[in-house]
Each structure stands twice: as structure tokens, then as C-alpha cells.
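Asker: My structure is below; once you've seen it, I'll send some questions.
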Amino acid sequence: AQSVTQLDSHVSVSEGTPVLLRCNYSSSYSPSLFWYVQHPNKGLQLLLKYTSAATLVKGINGFEAEFKKSETSFHLTKPSAHMSDAAEYFCVVSDPLSGGYQKVTFGTGTKLQVIP
Amino acid sequence: EAGVAQSPRYKIIEKRQSVAFWCNPISGHATLYWYQQILGQGPKLLIQFQNNGVVDDSQLPKDRFSAERLKGVDSTLKIQPAKLEDSAVYLCASSLVRTSRETQYFGPGTRLLVL
């Protein structure tokens with residue numbers, strides 16, 4: 022069965038402090054995992070993805086995530102929050118299906134607030 | 187490179203009316219997705235196309251929703267008749283190929299309000 026759990030619906034941090042957005046997944050396969058960001062009134066944009074290469078993945082805008090198979094986690098981090106990071110973040114799991122297609126499930130999202 | 191285009195951006199209708207959304211994917215992208223994003227929730231995949239064929243429509247409410255992708259490029263999603271619970275943002279995305287590792291590129295969405 023495929024599922025994604027984002028453990029916090031809201032996270033609030035001060036500007037310049039670290040960011041941690043938590044994601045746990047369930048998959049019967051070797052999944053690909055993604056983090057997408059959605060700024061207000063803008064489309065979803067890829068931050069980073071894990072596709073079975075290096076377990077520590079670096080993305081845009083200083084974000085990174087570490088795939089931990091033993092913990093079924095793919096938490097998103099950033100050393101120092103910027104005001105422009107305020108947005109909603111979605112963790113996504115993608116499993117291969119027969120015929121080369123994919124089954125995709127989004128998490129419920131985490132809204133990041135950055136306090137000046 | 188032009189992104190995924192969607193229209194209209196906003197639509198307000200009354201229940202039992204019909205509505206249609208249009209999506210133009212990135213040129214050359216074979217796979218196209220339609221998602222429904224209800225306020226406060228993550229996007230839910232409604233239907234996935236590979237060229238002009240349906241790959242997965244298991245979560246599409248087929249009694250009222252339909253979608254097509256003629257000629258393997260543009261796509262339309264239709265709701266007929268609409269219900270109050272269909273109020274949501276409808277997102278279109280495309281990807282170059284169909285594998286599970288592929289990045290999806292999203293359009294800005296169509297915000298639907300059913301009164």
C-alpha cells in the first residue's frame with residue numbers, strides 16, 4: 022500500500038533559524054520521493070527528488086532531504102530560513118506500476134511560516 | 187520554455203451546472219495528469235494520460251467527471267453535473283516520460299467554486 026504522512030500541518034520558524042519539515046511514507050516498492058513547494062497563487066514547483074541514487078539529496082534554494090529506508094522517512098531541511106521560504110510544502114511518493122507507469126500520492130501538506 | 191497552461195483561472199457556477207477546464211502541457215511531454223486539490227488537502231490524482239490513452243482513472247468519479255486528450259496534446263476535464271463538494275483547485279501537470287522517477291511540471295490551476 023502507498024501512503025504519505027506529513028507529520029506537521031503547520032510549522033513556524035524565525036528567519037535565520039533551521040527548518041525541518043517531516044515526512045514518512047509507506048510503499049511496497051522502491052519508491053521515488055519528491056518535495057514540491059506551492060507559493061500562494063502559484064503553481065507547484067519541484068524542490069528536490071530522490072530516485073535511488075544518493076540518499077542525501079540537495080535541491081533548490083538551499084533545501085535538502087535525506088532518504089532513510091529503515092525509518093521510512095524523507096524529511097526536508099534547510100539550515101537558515103528566509104522570508105521567501107514561507108509557502109506550503111508537499112511530500113510525494115511515486116511507485117512504479119506495470120507498463121512503466123507511476124502511482125503518485127501527495128501528502129496533506131505543511132504550511133511553513135517564517136517570522137521576521 | 188513555456189510552462190503548463192490552464193484556463194480558465196477561476197470559475198464560479200451553481201450546482202447541477204456543467205463546467206470544463208482546459209490544459210496545454212509542455213511541448214513534447216507525453217504524460218499528462220489532472221489533480222483535484224480541495225482546500226486544506228494535498229492534490230489527489232484524478233486521471234493520468236499517456237499520449238491520448240488513459241493510464242489510470244481509478245479515482246475519477248466517472249458518473250460526473252470526464253476527461254479527454256485528443257491528439258495527445260491538449261486535454262479537457264469536464265464536470266457534469268457539478269456538486270458543492272467539487273469546489274476545489276484543479277491542477278494539470280505534465281512530464282516528459284511516464285516513469286516513477288520523472289518530475290511533474292504543474293500549471294497554475296483552475297479554482298472552481300460551486301454554489
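As given, the protein sequences belong to chains U and S, one line each in that order.
Just so we're aligned, residue 22 is where the first sequence starts under our numbering, counting upward by one.
Just so we're aligned, residue 187 is where the second sequence starts under our numbering, counting upward by one.
The beta-carbon is built from N, C-alpha and C at its ideal position, and this holds for glycine as well.
Bear in mind that the values here come from a model prediction, so they are computed numbers and not experimental data.
Tell me which residue opens and which closes the beta strand (DSSP E) that His96 of chain U is part of.
Answerer: It spans Ser94 to Lys99 - the beta strand (DSSP E) in which His96 of chain U sits, taken as one unbroken run.
Asker: Find the residues of chain S that neighbour Val125 of chain U, judging by a C-beta separation of less than 7 Å, and give them in chain order.
Answerer: Chain S residues near Val125 of chain U: Leu231.
Asker: On a Cα-Cα basis, can you pick out the residue from U:Leu68, U:Lys89 and U:Ser30 that is closest to Lys79 of chain U?
Answerer: Nearest C-alpha to Lys79 of chain U: U:Leu68.
Asker: Answer with yes or no whether the minimum CB distance from Leu133 of chain U to chain S is below 8 Å.
Answerer: Cβ-Cβ to chain S under 8 Å: no for Leu133 of chain U.
Asker: Below 8 Å CB to CB, which residues in the same chain sit around Thr38 of chain U once its five sequence neighbours on both sides are set aside?
Answerer: Excluding sequence neighbours, Thr38 of chain U sits near Ser101 and Ala102.
Asker: Would you list the residues sitting across from Gly239 of chain S in a DSSP beta bridge?
Answerer: Per DSSP, S:Gln236.
Asker: Cys221 of chain S: which of S:Leu263, S:Val259, S:Val240 and S:Asn237 sits nearest, CA to CA?
Answerer: With the sequence shown as reference, residue 221 of chain S is identified as Tyr, and Cys is not the correct amino acid for it. Ranking the options by Cα distance to Tyr221 of chain S, first place goes to S:Leu263.
Asker: Counting only the same chain and skipping the five closest in sequence on each side, list residues whose C-beta sits under 6 Å from that of Val241 of chain S.
Answerer: Contacts found: Gln234.
Asker: Using a Cβ-based criterion (distance less than 7 Å to any ligand heavy atom), does Gly128 of chain U qualify as near the ligand SAM?
Answerer: This structure simply doesn't include the ligand SAM, nor any ligand for that matter.
Asker: Look up Ala46 of chain U in the DSSP assignment and give the residues it is bridged to.
Answerer: Looking at the sequence provided, one finds Tyr at residue 46 of chain U rather than Ala. U:Val25, per the DSSP bridge assignment.
Asker: Considering Cα atoms alone, identify which of S:Ser193, S:Gln236, S:Pro229 and S:Arg297 is closest to Val25 of chain U.
Answerer: Checked all of S:Ser193, S:Gln236, S:Pro229 and S:Arg297; the closest Cα to Val25 of chain U is S:Pro229.
Asker: For Gly130 of chain U, go through chain S and note every residue whose CB falls closer than 7 Å to its CB, in chain order.
Answerer: The contacting residues are Gly228.
Asker: Which residue comes first and which comes last in the beta strand (DSSP E) that contains Asp144 of chain U?
Answerer: Summary: the structure shown does not reach residue 144 of chain U, with chain U confined to residues 22 through 137, and so no result is reported for it.
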